[in-house]
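Below: the structure, in structure tokens.
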Amino acid sequence: MKVNDVVLQTAAKVVFFIILLFSIFIFFAGHYTPGGGFVGGLLATGAIALLLLAYDLRTVQQLLPFNFMIVVAIGLLLSIGMASGSIIFNVPFFTHAFDDFYLPLFGATSLHTAMIFDAGVYLVVIGAAMTIIQAIGGDS
Amino acid sequence: MMTFIWIGLMLVVLSILGLLLRIFWGPSIPDRVIALDAFGVTLISAIALLSVLFGTGFFMEVILLIAVMSFIGTVAFSKFIEKGEIIERDRNS
């Protein structure tokens, strides 16, 4: 029996970008307000899971042609690279640094190396959760 | 003003209790799924009233998060009821 769910697919096309924007917002807001890499990564996984619900596994794999285990590896590499990069400057492991920069669109912005660590957490959470979902949902 | 918010919070909690009755003794599975969906909506309103009571805006992200997760959960449940599997391998075959 073929089921044609136009409403779900059309809604998923719009809601996917709203959830993804909210995930990116909650990732960047993590320094001063609740949020951070973990919740942002889980929300991005929720957005991809909505696409998986509306479409099928093969379409989403064509849409996002990543091996999500490599995404986990890249996230861990970002985190460990940030943590060990502080050794080069002769300060203890995991020492963070920040400075104020003037960016053209944002004005005076404070950039902190903890965001690189948080980006690593984000990628690890997305990769691990998507690997679990694809491994469980794939074989039926 | 705070009295009205307390009264509203009590009404929301009463409706949550009514939804819990429907979740426990719902005759069919779709009844329970719809009750869970409405549970999410009432939870959102309860958190909004609580954030007014606490005088903080830090719960706004939680509200949007519960809305997103409730939507995805309801879609997953309805797809499971309709088709028997949540994530298909290939839809066109």
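Taken in order, these protein sequences are the chains called A and B. Note that the numbering used here has the first sequence beginning at 1, numbered continuously upward. Note that the numbering used here has the second sequence beginning at 1001, numbered continuously upward. Every residue, glycine too, gets a C-beta built ideally from N, C-alpha and C. No experiment lies behind these values; they were computed from the predicted model shown.
(request) Say whether the region 31-48 of chain A touches the region 126-137 of chain A, bearing in mind that this needs 3 or more beta-carbon pairs closer than 8 Å, one atom from each stretch. (result) yes
(message) Rounded to whole angstroms, what is the Cα-Cα separation between F89 (chain A) and L77 (chain A)?
(response) Your numbering for residue 89 (chain A) matches position 89 in the first sequence. Your numbering for residue 77 (chain A) matches position 77 in the first sequence. F89 (chain A) and L77 (chain A) have their C-alpha atoms spaced approximately 19 Å apart.
(message) Taking DSSP's pairing of strands, which residues face A29 (chain A) in a bridge?
(response) As a first step, residue 29 (chain A) is located in the first sequence; it is residue number 29 there, counting from the start. Bridge partners of A29 (chain A): none, in fact.
(request) Please list the residues of the region 1066-1084 of chain B that have a C-beta atom closer than 8 Å to any C-beta atom in chain A, keeping them in chain order. (result) V1068, M1069, F1071, I1072, V1075, A1076, K1079, E1082 and K1083
(message) Does the region 64-79 of chain A come into contact with the region 111-125 of chain A, if we say contact requires no fewer than three beta-carbon pairs (one atom in each stretch) closer than 8 Å?
(response) yes
(message) Against A73 (chain A), what residues of chain B qualify as contacts under a CB-to-CB distance less than 9 Å, listed in chain order?
(response) Along the first sequence, read from residue 1 onward, the residue named residue 73 (chain A) stands at position 73. What A73 (chain A) touches in chain B: nothing, since even the nearest Cβ is about 24 Å away.
(request) Report the rounded CA-to-CA distance for Y55 (chain A) versus Q9 (chain A), giving the unit in angstroms. (result) Counting from 1 along the first sequence, the entry for residue 55 (chain A) is found at position 55. Counting from 1 along the first sequence, the entry for residue 9 (chain A) is found at position 9. If I take the Cα positions, the gap works out to 7 Å.
(request) Output the boundary residues of the alpha helix (DSSP H) element that contains F1077 (chain B). (result) Here residue 1077 (chain B) refers to the residue found at position 77 of the second sequence. Here the alpha helix (DSSP H) through F1077 (chain B) covers M1060 to K1083.
(request) Would you mind telling me which residues of chain B sit closer than 9 Å to Y55 (chain A), beta carbon to beta carbon, in chain order? (result) Residue 55 (chain A) sits at position 55 when you count from the first residue of the first sequence. Near Y55 (chain A) (Cβ distances below 9 Å), the residues of chain B are E1088 and R1091.
(message) For the ligand ATP, I want to know if M69 (chain A) counts as a neighbour, meaning its beta carbon is within less than 7 Å of at least one of the ligand's heavy atoms.
(response) Inclusion of the ligand ATP in the displayed structure is not the case, the ligand content being empty and no account of it being possible.
(request) Return yes when the Cβ of I1023 (chain B) is within less than 8 Å of the Cβ of I1047 (chain B), no when it is not. (result) Counting from 1 along the second sequence, the entry for residue 1047 (chain B) is found at position 47. Counting from 1 along the second sequence, the entry for residue 1023 (chain B) is found at position 23. Contact: no.
(request) Determine the chain A residues that contact F1054 (chain B) at a beta-carbon separation under 8 Å, and present them in chain order. (result) Locating residue 1054 (chain B) in the second sequence gives position 54, counting from the first residue. Correct list: empty, because the minimum Cβ distance to chain A is about 13 Å.
(request) Keeping to the same chain, check which residues put their C-beta closer than 8 Å to that of G36 (chain A); ignore five residues upstream and five downstream. (result) Translated into positions along the first sequence, residue 36 (chain A) becomes position 36. Only I26, F27, G30, D118 and V121 meet the Cβ criterion.
(request) Residues of the region 1031-1060 of chain B with a CB closer than 8 Å to any CB of chain A: list them in chain order, please. (result) F1058
(message) Assuming F101 (chain A) is part of the beta strand (DSSP E), what are its boundary residues?
(response) Locating residue 101 (chain A) in the first sequence gives position 101, counting from the first residue. Note, F101 (chain A): beta strand (DSSP E), F98 to L103.
(request) Give, in chain order, every residue of the region 20-35 of chain A whose Cβ lies closer than 8 Å to some Cβ of chain B. (result) F22, I26, A29, T33, P34 and G35
(request) Check the DSSP bridge columns for L21 (chain A) and list the partner residues they point to. (result) Taking the first sequence and counting its residues from 1, one reaches residue 21 (chain A) at position 21. According to DSSP, L21 (chain A) bridges with nothing at all.
(message) Strictly under 8 Å for the Cβ-Cβ distance: is M46 (chain A) near chain B by that measure?
(response) Taking the first residue of the first sequence as 1, we reach residue 46 (chain A) at position 46. Note on residue identity: the sequence assigns Gly, not Met, to residue 46 (chain A). Closer than 8 Å: yes.
(message) Using a Cβ-Cβ cutoff of less than 8 Å, which residues in the same chain neighbour G1057 (chain B) once the five nearest sequence positions on both sides are dropped?
(response) Here residue 1057 (chain B) refers to the residue found at position 57 of the second sequence. Closer than 8 Å at the Cβ level, and outside the excluded window around G1057 (chain B), lie S1051.
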